[in-house]
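K.L.:
Numbering (our numbering), first residue to last: 1 to 398.
1. As a quick exercise: from 360, 161, 72, 224, pick the residue whose alpha carbon is nearest that of residue 117.
2. Quick check: what's the CA-CA separation for residue 151 versus residue 234?
3. Please give the ranges of any beta strand (DSSP E) in the region 239–266, keeping only runs that are unbroken, at least 3 residues long and fully inside the region.
4. In angstroms, rounded to a whole number, what distance separates the CA positions of residue 136 and residue 47?
5. Which partner residues of residue 328 appear in the DSSP bridge assignment?
6. What separation, rounded to the nearest whole angstrom, lies between the Cα atoms of residue 228 and residue 265?
7. In the DSSP assignment, what residue or residues form a beta bridge with residue 306?
8. Can you name, in chain order, every residue of its own chain whose Cβ lies under 7 Å from the Cβ of residue 254, other than the five neighbours on each side?
9. Work out the CA separation of residue 224 and residue 315 for me, nearest whole Å.
10. Would the region 246–263 count as touching the region 297–317 if we require 3 or more Cβ pairs under 8 Å?
11. I need the DSSP call for residue 320, collapsed to helix, strand or coil.
12. Near residue 231, what residues of its chain come up, given a Cβ to Cβ distance below 8 Å and the 5 sequence neighbours on each side ignored?
13. Around the C-beta of residue 296, are 16 or more other C-beta atoms found within 10 angstroms, so that it is buried, or is it exposed?
14. Using DSSP bridges, identify the partner residues of residue 233.
15. Under a Cβ-count criterion, where at least 16 other Cβ atoms within 10 Å of its own Cβ denotes burial, should residue 283 be classed as buried or exposed?
16. So, at 7 Å on beta carbons, what are the nonlocal neighbours of residue 119 in its own chain, with the 5 sequence-adjacent residues on each side left out?
17. In the DSSP assignment, find the alpha helix (DSSP H) that holds residue 62 and state where it starts and stops.
18. Between residue 360 and residue 317, what straight-line distance do the alpha-carbon atoms span, to the nearest angstrom?
19. What does the Cβ neighbour count give for residue 62, buried or exposed, with the cut at 16 atoms within 10 Å?
20. Would you be able to state if there are at least three C-beta pairs under 8 Å between the region 330–338 and the region 348–363?
21. With a threshold of 16 other CB atoms inside 10 Å of the CB of residue 72, please say whether the residue is buried or exposed.
22. Give me the DSSP bridge partner(s) of residue 283.
23. Please report the distance separating the alpha-carbon of residue 158 from that of residue 45.
24. To the nearest angstrom, how far is the alpha carbon of residue 221 from that of residue 78?
25. So what does DSSP say about residue 157, is it helix, strand or coil?
26. Could you check whether residue 28 and residue 403 sit closer than 8 Å to each other, using their CB atoms as the reference points?
27. Within the same chain, show all residues whose beta-carbon is closer than 6 Å to that of residue 311, passing over the 5 residues directly before and after it, in chain order.
28. Apply the 10 Å Cβ neighbour rule to residue 176 and answer buried if 16 or more other Cβ atoms are within range, or exposed otherwise.
29. Classify residue 112: buried if its beta carbon has 16 or more other beta carbons within 10 angstroms, exposed otherwise.
30. So, at 6 Å on beta carbons, what are the nonlocal neighbours of residue 215 in its own chain, with the 5 sequence-adjacent residues on each side left out?
31. Which residues in the same chain as residue 278 place their Cβ atom closer than 6 Å to its Cβ, once the five residues preceding and following it in sequence are excluded?
32. Is residue 167 close to chain B, meaning its C-beta is less than 8 Å from at least one C-beta of that chain?
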């Protein structure tokens, strides 16, 4: 009896798996697709909960959505050939569409992997910076090296992402049968147009080469304090065509990369992050300079942003009505120096206005009264009527 049942069950399965059964390909496609989705969710759950590696969380952040579609579309493409009852004129465009979608989401996933790697390394560098802040000897050097690594990663990741996008577009075009013939025709017939476009894109290509040159030579890195064409600030971003400078006034100045290659500019952080910043004050000639200098040095020593190197207050210029004093301090980076300048400028002005208000800048001038002809005649007549003058005249006559 059991043998009979087994035989009937086998025959039922064989009948169901028969090619004439139209439900089997659909059920197979749905089952494999759902299984791929469940596999993706399981892998995402493992990466999220069971691993403490930062790279796993970065992968989930950038690749969770595109990889989900990669799993699903791959399952559909694997089971699509089993559908034999659909007309090939309809099946081929559907398969072509899913192939293009697979290339797009795979490209997206590859870009996400690159971003995850960059974020992981950048986060580890930030942790090293926070740990090295406790040691004053090696902290600045380590921070400089980390900024160099961050700059190289930034430029390298953009180059890799550009290559990935180019390969993705090439793979999409290669799925079209006439793409190769069209490409060869364009190469053979459009040489003049290619030269014109190349000349038009000369500046863009120059900036791209400048990006690679900056990444290799490390002439400018993130966080450097630079002065380009009288614009100064901290390098906040390095894009493929320009850099972004953050000025003291929180402005964002865009400088083309070609300027950093073809012109001269100042990089105050090239050899060291330590800076010497200053400001000017205008005071009267009689101000007690020694007392003001002692007060300035004592306040600089109390400031948390001072690096204990130099603190100077000296006469930098002598003008007709005022003295020009320059206060100069040293610090470890531009942001701290900017804060210290603001603090010390306010303290000096407050000290001068409260202690020596009489030595604030003054305007010295001499008022000369203009006299008319009538005023001159009156003065002459008054002198003629002077008795001393009359006695003098009488003495001369006698």
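A virtual CB, placed ideally from N, CA and C, is assigned to each residue, including glycine.
Being a predicted model, the structure only gives us computed values, none of them experimental.
P.N.:
Reading from the atomic positions:
1. Of 360, 161, 72, 224, the smallest CA-CA separation from residue 117 is found for 161.
2. Note on geometry: alpha-carbon atoms of residue 151 and residue 234 lie some 14 Å from one another.
3. 242–246, 252–256
4. Note that residue 136 scores 49 on pLDDT, short of 50, meaning its location in the model is unreliable and no value can be drawn from it.
5. Answer is 278, 312, bridged to residue 328.
6. Roughly 5 Å separates the two Cα atoms.
7. Answer is 331.
8. 242, 244
9. 30 Å
10. no
11. In the structure shown, residue 320 sits in coil (DSSP, three-state: anything other than H, G, I, E or B).
12. 245, 247, 253, 255
13. In the assembly as shown, residue 296 is a buried residue. Its beta-carbon has 16 or more other beta-carbons within 10 Å.
14. 226
15. Residue 283 should be labelled buried.
16. 58
17. 54–79
18. Taken atom to atom, the span from the alpha-carbon of residue 360 to that of residue 317 is near 16 Å.
19. With 16 or more neighbouring CB atoms inside 10 Å of its own CB, residue 62 falls in the buried class.
20. no
21. buried
22. 323
23. Each residue's Cα considered, the two are about 30 Å apart.
24. Spanning the two alpha carbons is a distance of roughly 48 Å.
25. helix
26. With the chain represented from 1 up to 398, any question about residue 403 goes unanswered, as that position is not in the structure.
27. Residues 297, 300, 329 of the same chain have their beta carbon placed closer than 6 Å to that of residue 311, with the five preceding and five following residues left out of the count.
28. Its Cβ having fewer than 16 others within 10 Å, residue 176 is exposed.
29. buried
30. 152, 155
31. 326, 327, 328
32. The displayed structure is made up of one protein chain only, and chain B is not part of it.
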